[in-house]
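Structure, as structure tokens:
Number of protein chains: 2
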Amino acid sequence: MKSLPNLRHELAAPILQTLVARLRWRISREQGEVRMPKDSSSPVSMSDIARLAGVSESTVSRALNNNPLINEKTRERIQQIARSMNYKINESARNLRLKRSHTISVVINTGSAGGQTFSDPFMLDMIGAIADRLAEHRYDLLFSNRIVTSDDWHAYLMGSRRADGVIVIGQGINDGPLRELQRQGDPLVVWGGTAKPDLDYCIVSSDNPMGGRQATEHLLKQGRRKIIFLGDTEHPEIHGRYEGYRAALAEEGLDISARQIKVSFSSESGYQSIADLLKAEGLTFDAIFAASDSIAMGAIKALQSQGYKVPDDVAVVGFDDIPIAPFYTPPLTTVRQNIQRGGELMVEKMMQLIGDKTAEPEVLPTELVVRSSCGANPGYQPIQEYNQQ
Amino acid sequence: MKSLPNLRHELAAPILQTLVARLRWRISREQGEVRMPKDSSSPVSMSDIARLAGVSESTVSRALNNNPLINEKTRERIQQIARSMNYKINESARNLRLKRSHTISVVINTGSAGGQTFSDPFMLDMIGAIADRLAEHRYDLLFSNRIVTSDDWHAYLMGSRRADGVIVIGQGINDGPLRELQRQGDPLVVWGGTAKPDLDYCIVSSDNPMGGRQATEHLLKQGRRKIIFLGDTEHPEIHGRYEGYRAALAEEGLDISARQIKVSFSSESGYQSIADLLKAEGLTFDAIFAASDSIAMGAIKALQSQGYKVPDDVAVVGFDDIPIAPFYTPPLTTVRQNIQRGGELMVEKMMQLIGDKTAEPEVLPTELVVRSSCGANPGYQPIQEYNQQ
DNA sequence: TGAAAAGATGCAAACGATTGCATTATTGGG
DNA sequence: CCCAATAATGCAATCGTTTGCATCTTTTCA
Numbered sequence: 033m034k035s036l037p038n039l040r041h042e043l044a045a046p047i048l049q050t051l052v053a054r055l056r057w058r059i060s061r062e063q064g065e066v067r068m069p070k071d072s073s074s075p076v077s078m079s080d081i082a083r084l085a086g087v088s089e090s091t092v093s094r095a096l097n098n099n100p101l102i103n104e105k106t107r108e109r110i111q112q113i114a115r116s117m118n119y120k121i122n123e124s125a126r127n128l129r130l131k132r133s134h135t136i137s138v139v140i141n142t143g144s145a146g147g148q149t150f151s152d153p154f155m156l157d158m159i160g161a162i163a164d165r166l167a168e169h170r171y172d173l174l175f176s177n178r179i180v181t182s183d184d185w186h187a188y189l190m191g192s193r194r195a196d197g198v199i200v201i202g203q204g205i206n207d208g209p210l211r212e213l214q215r216q217g218d219p220l221v222v223w224g225g226t227a228k229p230d231l232d233y234c235i236v237s238s239d240n241p242m243g244g245r246q247a248t249e250h251l252l253k254q255g256r257r258k259i260i261f262l263g264d265t266e267h268p269e270i271h272g273r274y275e276g277y278r279a280a281l282a283e284e285g286l287d288i289s290a291r292q293i294k295v296s297f298s299s300e301s302g303y304q305s306i307a308d309l310l311k312a313e314g315l316t317f318d319a320i321f322a323a324s325d326s327i328a329m330g331a332i333k334a335l336q337s338q339g340y341k342v343p344d345d346v347a348v349v350g351f352d353d354i355p356i357a358p359f360y361t362p363p364l365t366t367v368r369q370n371i372q373r374g375g376e377l378m379v380e381k382m383m384q385l386i387g388d389k390t391a392e393p394e395v396l397p398t399e400l401v402v403r404s405s406c407g408a409n410p411g412y413q414p415i416q417e418y419n420q421q
Numbered sequence: 033m034k035s036l037p038n039l040r041h042e043l044a045a046p047i048l049q050t051l052v053a054r055l056r057w058r059i060s061r062e063q064g065e066v067r068m069p070k071d072s073s074s075p076v077s078m079s080d081i082a083r084l085a086g087v088s089e090s091t092v093s094r095a096l097n098n099n100p101l102i103n104e105k106t107r108e109r110i111q112q113i114a115r116s117m118n119y120k121i122n123e124s125a126r127n128l129r130l131k132r133s134h135t136i137s138v139v140i141n142t143g144s145a146g147g148q149t150f151s152d153p154f155m156l157d158m159i160g161a162i163a164d165r166l167a168e169h170r171y172d173l174l175f176s177n178r179i180v181t182s183d184d185w186h187a188y189l190m191g192s193r194r195a196d197g198v199i200v201i202g203q204g205i206n207d208g209p210l211r212e213l214q215r216q217g218d219p220l221v222v223w224g225g226t227a228k229p230d231l232d233y234c235i236v237s238s239d240n241p242m243g244g245r246q247a248t249e250h251l252l253k254q255g256r257r258k259i260i261f262l263g264d265t266e267h268p269e270i271h272g273r274y275e276g277y278r279a280a281l282a283e284e285g286l287d288i289s290a291r292q293i294k295v296s297f298s299s300e301s302g303y304q305s306i307a308d309l310l311k312a313e314g315l316t317f318d319a320i321f322a323a324s325d326s327i328a329m330g331a332i333k334a335l336q337s338q339g340y341k342v343p344d345d346v347a348v349v350g351f352d353d354i355p356i357a358p359f360y361t362p363p364l365t366t367v368r369q370n371i372q373r374g375g376e377l378m379v380e381k382m383m384q385l386i387g388d389k390t391a392e393p394e395v396l397p398t399e400l401v402v403r404s405s406c407g408a409n410p411g412y413q414p415i416q417e418y419n420q421q
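Protein chains in written order, with my numbering: chain A, 33 to 421; chain B, 33 to 421.
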């Protein structure tokens, strides 16, 4: 008995009650229709338009969606009324009905230590690029910078239908959470590295090995032989750059001189690691390849603080080409990533995944930008166009 | 007749039809209840939990919201079931019912020329701070970087109930759109300047005049007399900094030497303006107060390119204290804004506005950070802590 | 002219939650 | 032992859309 507490639902009486209640409801509703002349404060809904146009809500809905079922004249009349009443559709209602959110979540996933927001200019550019592309598809962008577990992600973003898909910037040291997300069937696109071959989620990335190779080969061409690598190779994107670096050195028969120092994604970190190194063993290298421009700038500052010259004593190449790079002293030679194209591709892939299609990973070429910090371009001036005028 | 097409709705027959249809619906529904053992793919809803717990949906809803009406035992049992089924509430449905979105829109509003995303590191830090605070209130953050008219804003964000309020970063050259938004009754908080006295929307800002004064007075104390101002005073926040600059000069009886050059928010712009100036009239100044660190760095680079020394020939002070500032050459003296507190306050104000309370504007003090570019601190080392160890 | 086809519109169920009110079960007091 | 007060739960309306199906209207063609 206890296990069937709503057995009484099945009796006849409640059904009659239902019918009576429904009648009562209809009546009160129709009274409402009469007494409601213009409830101004509340926003206008389809039923308001329907009443004004003398048609049903279904017709309004179809007319506003340009459904060919509706007569052209009716459609235009309804659209006209909607415009004049400044009608805006209620997205919550539409999304509920259509079982979607028309929103993509963008998550920053670079192990930001201690809850501190991670603010490389690269990030904002990437987010901006994604936002622009999503706007073209009329999708909204839900932003999160909280680093959480995959359970949380899935539950918070997808389970609650806050987002139709997730774009993650940064593959992170441990991509378990990402694999898990993917396994749950959520549309997922990641900006990351290309290291792991058995990927089961869609990755868009720069060709990090190519970038690492470009940077290193360039330094070698300048006659540098003792090049150290600054970056945390536990991040797949960084690891790719490191691979390129090692490959270039190996080709030159210099494998033994490869040296990697683990630093996180900040200028402070770059500064400290080089300051440490100089204090410990003096100047034992003649070039640095840094995994990001921020790191490179920190490292250069540390060298300068100890009286060493860049590029004379040590040549430096960075990665990203952030906006300030040409204006640093010395202007930073760096490997440029195609952020605009990256954002575009990620959104494209996402739209495919949402449309139940599959999306292939994609790798973007990098471009070496030679300025002065590598020693190859001492006469470099920012804004060449200006000087040409 | 034609104007009353749904007159027939009022006749008796359709009501009977309604009743019949409803009966039919009830029956099919109950059949459905029987044949639906585990429709796995679709996410679990309250009715699933209700069925499993042998209670009604209302009880489930109340139990999950910790409504005291529900017996404690029942509540815990229901919550247990919800957890075990990995239930996540459908936010679209909840938002529809509660007539809200539980989402705040954040808009970047710094006249980004030509649709190019504007990427000052300051922005990302600010967005991060806001995101963190919103997350504490369990609000979502909808990000837009499209600069549009107020009509668009209101219609897109508020009219469609995509957002419950708007936070705008940057007051912009023309705040008409903002006033309009406010007039429409939308909760609005702006990060901007303090110039206009007749504000009708809630502004949170740094004390820009204070910052301008700190920077200028510091340069004056270093013996500089011909200080130029770099920035576009049409932006209220910049105008405040300019006011502080002029006030400090006036107190010194140097009003006549005030000179402002209009540059937009980028390093390129700072570089070009100084390059132009030098080309046109040589070195006619001995100090620069720049409206942002990015501008300052561009300006310094222009000076260095022409062989001038900073701070020896020209002292420079910036504004913002972006993360790279200590690592620039020379390390940048600048006016720090309290971004964390700013984000916190804006979210606080927003919550007040949403709660139908009013929110007062608020001004945050600025802090001068003395490094080397002003000439006052030649021995400055980034990361003092490191050297102390 | 009449039946079938096509065209236009309406009805009400559905999406998944919340909540005022009604109802039932439990307890306490006289 | 009965009635009132209280605690616990259920019913059905509601938010604002979309859409399968039914219905009504008009056209078309034999």
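Beta carbons are placed, not taken as given, at the ideal position from N, Cα and C, and that holds for glycine. None of these values were measured; they are calculated from a predicted model.
Which one or two residues does DSSP pair with residue i in a beta bridge?
{"i": "G350(B)", "result": "T366(B)"}
{"i": "C234(A)", "result": "V221(A)"}
{"i": "A247(A)", "result": "Beta-bridge pairing links A247(A) to no other residue."}
{"i": "I260(B)", "result": "R291(B) and I320(B)"}
{"i": "L400(B)", "result": "V367(B)"}
{"i": "T135(A)", "result": "D172(A)"}
{"i": "I140(B)", "result": "I201(B)"}
{"i": "E422(A)", "result": "Chain A is shown only over 33 to 421; residue 422(A) falls outside these bounds and no answer can be derived."}
Is the beta carbon of residue i sitting closer than 7 Å to the one on residue j?
{"i": "N370(A)", "j": "L396(A)", "result": "yes"}
{"i": "A85(A)", "j": "I113(A)", "result": "yes"}
{"i": "D232(B)", "j": "Q203(B)", "result": "no"}
{"i": "R373(A)", "j": "V401(A)", "result": "no"}
{"i": "V349(A)", "j": "F321(A)", "result": "yes"}
{"i": "G243(A)", "j": "R273(A)", "result": "yes"}
{"i": "S133(B)", "j": "R194(B)", "result": "yes"}
{"i": "S405(B)", "j": "T361(B)", "result": "no"}
{"i": "A312(A)", "j": "I259(A)", "result": "no"}
{"i": "C234(B)", "j": "P393(B)", "result": "yes"}
{"i": "D152(A)", "j": "S326(A)", "result": "yes"}
{"i": "G225(A)", "j": "S237(A)", "result": "yes"}
{"i": "P241(A)", "j": "G276(A)", "result": "yes"}
{"i": "L174(A)", "j": "D172(B)", "result": "yes"}
{"i": "S299(B)", "j": "F351(A)", "result": "no"}
{"i": "A280(B)", "j": "R257(B)", "result": "no"}
{"i": "N177(B)", "j": "I121(B)", "result": "no"}
Does the stretch 328-338 of chain A touch the stretch 288-300 of chain A, meaning 3 or more C-beta pairs lie closer than 8 Å? Yes, the stretch 288-300 of chain A is in contact with the stretch 328-338 of chain A.
By the 7 Å beta-carbon criterion, what residues does the stretch 105-132 of chain A contribute toward chain B? K120, I121, N122, E123, S124, A125, N127 and L128
Inspect the CB distances between the stretch 158-174 of chain B and the stretch 331-349 of chain B and report whether three or more fall short of 8 Å. no
Quick check on the DSSP output: what are the complete alpha helix (DSSP H) runs of length 4 or more inside the stretch 159-230 of chain A, in order along the chain? Whole alpha helix (DSSP H) segments, 4+ residues: 182-185 and 208-215.
Any contact of the stretch 191-209 of chain B with the stretch 196-215 of chain A, i.e. 3+ C-beta pairs under 8 Å? no
If you measure beta-carbon to beta-carbon, which residues of the stretch 210-243 of chain B are closer than 8 Å to chain A? none
Extract the residue ranges of the beta strand (DSSP E) inside the stretch 271-307 of chain A, only unbroken runs of 3 or more that lie entirely within it. 291-293
Between the stretch 165-179 of chain B and chain A, which residues of the former have a C-beta closer than 9 Å to a C-beta of the latter? Listed by position along the chain: A167, D172, L173, L174, F175, S176, N177 and R178.
Using a Cβ cut-off of 7 Å, which residues of the stretch 183-199 of chain B contact any Cβ in chain A, in chain order? A187, G191, S192, R193 and R194
Just by C-beta distance, which residues in the stretch 333-367 of chain B are closer than 9 Å to chain A? K333, A334, Q336, S337, I354, P355, I356, P358, F359, Y360, T361, P362 and P363
When Cβ atoms are compared, which residues of the stretch 267-298 of chain B fall closer than 9 Å to chain A? S298
Report the start-end ranges of each alpha helix (DSSP H) in the stretch 72-113 of chain A that is 4 residues or longer and not cut off at the edges. 78-85 and 89-96
Output, in sequence order along the chain, the residues in the stretch 377-391 of chain B whose CB is closer than 8 Å to any CB in chain A. none
Using a Cβ-Cβ cut-off of less than 8 Å, give me the residues of the stretch 245-256 of chain B that come near chain A, in sequence order. none
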